[in-house]
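Peer 1: Take a look at the following structure, please.
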Amino acid sequence: MKAIRTITTVTALVVAGASAAFAQSATQTVTFAIDPINQISVAGAPSLNITTASAGSAPTTVTSSVGSWAVTTNQTGAKVTASIASAMPTGVTLSATLGAPSGATSAGAKPLGTTAVDLVSGISKLNASGLALSYQLDATAAAGVVASTSRVVTFTITGGV
Numbered sequence: 005m006k007a008i009r010t011i012t013t014v015t016a017l018v019v020a021g022a023s024a025a026f027a028q029s030a031t032q033t034v035t036f037a038i039d040p041i042n043q044i045s046v047a048g049a050p051s052l053n054i055t056t057a058s059a060g061s062a063p064t065t066v067t068s069s070v071g072s073w074a075v076t077t078n079q080t081g082a083k084v085t086a087s088i089a090s091a092m093p094t095g096v097t098l099s100a101t102l103g104a105p106s107g108a109t110s111a112g113a114k115p116l117g118t119t120a121v122d123l124v125s126g127i128s129k130l131n132a133s134g135l136a137l138s139y140q141l142d143a144t145a146a147a148g149v150v151a152s153t154s155r156v157v158t159f160t161i162t163g164g165v
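Just so we're aligned: 104 in my numbering is position 100 of the sequence shown, and the numbers increase by one with no gaps anywhere.
Dropping the structure here:
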């Protein structure tokens with residue numbers, strides 16, 4: 005009985021040793037990269053309508069702060085510009101203001117035209133949402149009456165490094 009137990013124990017040790025002797029491993033190299041990411045979005049439906057003026061003064065400026073914007077960038081020194089595809093009517097100015105995310109700088113209200121203007125600069129490695137977006141509409145008396153029309157504002161984020 006003792007001999008059988010010894011043979012069983014020795015057999016178990018030989019089998020366990022044989023399993024360890026046949027152990028195998030493999031390696032694999034994983035290559036990865038993160039491309040430049042510069043994303044911007046806007047929300048809201050702003051509507052501006054000049055309806056009043058004080059006697060002797062230009063029509064009353066109106067503003068709309070119903071919009072917001074969001075940004076994600078993994079670069080440093082990114083900036084946001086804005087433009088419109090076609091010029092505003094004579095005597096009418098549409099301006100935009102973007103609130104700056106942490107660490108960036110807003111240029112304040114800038115008149116929009118067919119050439120892009122800088123609205124926010126110094127955006128670095130962040131994601132932020134719910135940032136302030138407002139529009140301002142100014143007109144001179146020379147603008148006359150302008151029927152309801154619209155302009156598409158194109159916001160562009162360009163990355164730094």
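Even glycine gets a Cβ: it sits at the ideal position worked out from N, Cα and C.
Between the alpha carbons of A37 and L98, how many angstroms are there, rounded?
Peer 2: 41 Å
Peer 1: Could you pull the DSSP bridge partners for P40 from this structure?
Peer 2: Paired residues: none, contrary to the question.
Peer 1: In terms of residues, what are the limits of the beta strand (DSSP E) holding T162?
Peer 2: In the DSSP assignment, T162 falls within the unbroken beta strand (DSSP E) covering 157–162.
Peer 1: Could you compute how far the alpha carbon of S128 sits from the alpha carbon of A57?
Peer 2: 42 Å
Peer 1: With a CB to CB cut of under 8 Å and the five nearest residues on each side skipped, what residues in its chain are close to G112?
Peer 2: T101
Peer 1: Here's a check: name, in chain order, each residue in its chain whose Cβ is nearer than 8 Å to the Cβ of V14, leaving out the five neighbours to either side.
Peer 2: Model confidence at V14 stands at a pLDDT of 49, short of 50, so the residue's coordinates are unreliable and nothing is read from them.
Peer 1: Using the rule of at least 16 other Cβ atoms within 10 Å of the residue's Cβ for burial, across every protein chain shown, is Q140 buried or exposed?
Peer 2: So Q140 ends up on the buried side.
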